[in-house]
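Working notes, beginning with the structure itself.
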Amino acid sequence: MFTQHNMMTSFLNDTWEGRFKPTPEIADLIPKNDEEAREMYLKTSDISNEVMKLINDESKNGQVLAITKNPDDCTLVKVENVELK
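Every letter in the sequence shown is one number past the one before it in our numbering, and letter 42, counting from 1, is 54.
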């Protein structure tokens, strides 16, 4: 995860500083500044905390969880059971 975070940060910095020019379709999806990026992406620590809860809670044995941003509060993560079909 650390490497993915560094790659994303490098990509965003290169875009914001003009060293990388994305296509218009991609440019619309890229956050325009650091604050917008922080609101858009989950923190690595939030993801790892939720994964550790899943690992340590024996009642969740075999469950799959979706970890996403909480739409009601962008500073929190939302964890939901995923039913596999």
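We put the CB at the ideal spot given by N, CA and C, even for glycine.
- Between Val91 and Glu62, the CB-CB gap stays under 7 angstroms.
- Rounded to whole angstroms, the separation of the alpha carbons of Gly74 and Thr80 is 19 angstroms.
- Going by beta carbons, Thr27 and Ile42 fall inside the 7 angstroms limit.
- By the 16-neighbour rule on beta-carbons within 10 angstroms, Leu54 is exposed.
- Residue pairing by DSSP places Lys90 opposite Thr80 in a beta bridge.
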